[in-house]
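Undergrad: Pasting in a structure now, in structure tokens, and then I'll have a few things to ask.
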Amino acid sequence: MPQFLSTTDSDFETRFAALLNMKREDAPDVDHVVADIIADVRDRGDAAVLELTAKFDRLTLTQETLAFTAEEIQDAIAQVPSEERAALELAAERIRAYHLRQMPEDHCWTDADGATLGWRWTPVSAAGLYVPGGLASYPSSVLMNAIPAQVAGVENLVICAPTPDGQVNPLVLLAAYLSGVETVYRIGGAQAVAAMAFGTETIQPVDKITGPGNAFVAAAKRRVFGKVGIDMIAGPSEILVIADSDNDPDWIALDLLSQAEHDESAQSILITDDARFGQAVAAAVEKRLETLERRAIAGASWRDFGAVITVRDLNEAAELSNRVAPEHLELCVDDPEGYSAKIKHAGAIFLGKWTPEAIGDYVGGPNHVLPTARSARFSSGLSVMDFLKRTTLAKMTPGALKAIGPSAETLAQSESLEAHGLSVTARLQRLNEGAGE
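Put into structure tokens, the structure is as follows:
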């Protein structure tokens, strides 16, 4: 059974703080192992990648077979049932349409002093997308990572998708095809991250690495950050549902289980202003766990990290939600749009009882790569912006330099940066001599 908390309990703050600070990440001390793997790949390139793939994925590859051939990709795509292909095509279309609207505009203007200022956006040149492999591979994650990069204008996109024991998910290759990614390497783990970050004889280095992975992948992304950009270090999935009693308990139970079934370390929380409704939802969860295919995983998550919190009113619910800063937040309340104005911190918000979080995982349009572990307090989900860089622009006319240059001279002197100031002074002196007007 999950924890049951009420804001009217005398020990609520203590228990709620403990809930917030639960250590859910299954993160063994792998950093020293990852450090050795990265060093090996940097030193020996393809040879290290091939040896590590044979060791960890039980798959013997050569330089020529590191990547799927175009024929292999098409053969795999041909195995995808028509219904699944149509569903993935719909998802790709909706995800692309949503992310196209995120593209920012360049801007330029001339201010009152005559200075021309602005900015422009340019994509990173190359991005590497990590996709977990084997049975745990998710074609939806391919779309969510690759399509924003493609929309941003990234010219060189590659995917690393491990194939342990040679096991390939044809849907992953179809998702890559639909996203416009032609190069898919069948490697994974820290060695794949290192190869994308530093390059090998076969694999060209990239500028940014995105995508989820296990503890080894997360540790590798931490270590290569700075050499390349990364999206985030994602932890176990989480959902918070704020629901009043005007909901079907079974619907809410399924929404909670939709994240619990991801991982034994996932967390599902219900906040409601009706204690009896909370009990009804908990009972519905237990009923569903009797038959759910992934009941062992979902049951462990619900038992160890789940919670039902009863509040005095929905204003209090919003306050608690902002403290949780959940990855996924469902607002199953009257006027969810108006209520959402109370929410300051959440990775993604799902408005109303007809919007289950699972729609966002697949076909809604917004990205499902979201901040976890309360990091929604200071970060956002993956978007086109992750693959773009903003470059500022400035142009001074002689008049503009006359107007603002003296202040630059003064500030340079105050910071004891003589050459800074002199670079302005030299130009002002020329203007004072009558040149450049």
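Per this note's numbering, the very first residue in the sequence shown carries number 1; after that it's consecutive. Each residue gets a CB set at the ideal place from its N, CA and C atoms; glycine is no exception.
In terms of alpha-carbon separation, which member of Pro132, Val308, Arg323 lies closest to alanine 280?
TA: Checking every option, the nearest Cα to that of alanine 280 belongs to Val308.
Undergrad: Can you list, in chain order, the residues of its chain with a C-beta nearer than 8 Å to that of alanine 54? Leave out the 5 residues immediately preceding and following it.
TA: Within the same chain, alanine 54 has close Cβ partners Thr60, Leu61.
Undergrad: Rounding to the nearest angstrom, what Cα-Cα distance links glycine 213 and tyrosine 130 in this structure?
TA: Taking the straight line joining both Cα atoms gives about 7 Å.
Undergrad: Apart from the five residues on each side of it in sequence, which residues of its chain come closer than 7 Å, Cβ to Cβ, to lysine 221?
TA: Val193, Ile209, Ile230, Ile233.
Undergrad: Just to confirm, are histidine 345 and asparagine 367 a CB contact at a threshold of 9 Å?
TA: Not closer than 9 Å, so no.
Undergrad: Measure the alpha-carbon distance for valine 369 versus alanine 112 and round it to whole angstroms.
TA: Spanning the two alpha carbons is a distance of roughly 43 Å.
Undergrad: By DSSP, does proline 406 sit in helix, in strand, or in coil?
TA: Three-state result, proline 406: helix.
Undergrad: Any heavy atom of the ligand GTP within a distance shorter than 8 Å of the CB on phenylalanine 378?
TA: Ligands in the displayed structure: none, and consequently the ligand GTP is not present.
Undergrad: Over the uninterrupted beta strand (DSSP E) stretch that includes threonine 183, give me the two end residues.
TA: That run of the beta strand (DSSP E) goes 183-185.
Undergrad: Where serine 258 and leucine 292 are concerned, what is the direct C-alpha to C-alpha distance, given to the nearest angstrom?
TA: Distance between the alpha carbons of serine 258 and leucine 292 is about 11 Å.
Undergrad: Reducing DSSP to helix, strand and coil, say where glycine 338 ends up.
TA: In this structure, glycine 338 counts as helix in the three-state DSSP scheme.
Undergrad: What number of angstroms, rounded off, separates the C-alpha of leucine 52 from the C-alpha of histidine 99?
TA: Taking the straight line joining both Cα atoms gives about 36 Å.
Undergrad: Going by the CB atoms, is the gap between glycine 360 and alanine 348 shorter than 9 Å?
TA: The answer is yes: Cβ separation under 9 Å.
Undergrad: In the structure shown, what three-state DSSP assignment does alanine 115 receive?
TA: Of the three classes helix, strand and coil, the one that applies to alanine 115 here is coil, per DSSP.
Undergrad: Threonine 397 to methionine 103, Cα distance in whole Å?
TA: Approximately 31 Å between the Cα atoms of the pair.
Undergrad: Check whether the stretch 248-258 touches the stretch 292-304, taking contact to mean three or more Cβ pairs, one atom from each stretch, closer than 8 Å.
TA: Counting Cβ pairs under 8 Å, three or more are found: they touch.
Undergrad: With distances taken between CB atoms, is the gap from glutamate 84 to leucine 171 smaller than 9 Å?
TA: Yes; because the gap between Cβ atoms is below 9 Å, this pair is in contact.
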